[in-house]
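All residue numbers for the sequence shown refer to the UniProt record's numbering, where the first residue is 1 and numbers rise by one. Each residue gets a CB set at the ideal place from its N, CA and C atoms; glycine is no exception. Here the structure comes first, spelled out in structure tokens, and everything after it is commentary.
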Amino acid sequence: MAPATTRQFGGQFGTFHFRSGGMHTRGPQNSGGSTVRMLIQLLPVLLLLLLNFLPSSEPVYSLSRSYPYEHKFQTPRGVTYYVKLPNFEEQYPHQSTERATLERHVERDYYSIITQNCRVELQRRQWGLSYQTPHCDMLKKFEAAAQ
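Next comes the structure, spelled out in structure tokens:
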């Protein structure tokens with residue numbers, strides 16, 4: 001009779017032994033350690049699910065008018081923005097540091113958007129697709145207001 005060969009496959013769920021004679025046995029499973037390991041592996045997924053259900057704060061302003069951002073304001077540099085809070089003036093009083101900080105954020109976002117759109121317009125102009133650059137004009141106007 002030929003000598004029997006044994007192959008082992010295993011991992012965290014136990015070890016399986018396969019013999020060439022067709023018989024197979026299953027080794028003991030270490031269930032105590034694997035349960036803890038499985039819980040540790042599931043922990044990031046559970047945290048993501050919990051974070052998804054936590055309340056998120058919506059932005060205070062929008063650069064375009066849309067519901068519920070319907071109350072119009074303007075920064076000292078002429079950037080129009082919209083807020084949703086009817087009591088915005090109470091929470092961000094005129095000439096307050098909170099209002100100045102908010103308006104710096106508004107202007108930073110506005111500058112970022114028109115700069116990106118200007119780059120796209122200049123690229124289209126270079127490709128010969130369009131010769132108008134309204135966002136570049138807006139960028140020049142915004143930068144002139146800063147001086």
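Counting only unbroken stretches of 4 or more residues, the alpha helix (DSSP H) elements lying wholly within the stretch 18–104 are 31–53 and 88–91, in sequence order. By the neighbour-count criterion, in which 16 or more other beta carbons inside 10 Å mark a residue as buried, Y81 falls on the buried side. Judged by DSSP in its simplified three-state form, Y111 adopts helix.
Excluding five sequence positions before and after H135, the CB atoms of its chain that fall closer than 7 Å to its own CB belong to I114, N117, C118 and E121, given in chain order. Ranked by how close their Cα comes to the Cα of P86, the residues T133, E143, V60 and R104 have V60 in first place. Nearest to S64 by C-alpha distance, out of V79, L54, R125 and V36, is V79. L129 and Q123 have their C-alpha atoms some 9 Å from each other.
Q123 carries a helical assignment under DSSP once its states are collapsed to helix, strand and coil. Per DSSP, L139 is one residue of the alpha helix (DSSP H) stretching across P134 to A146.
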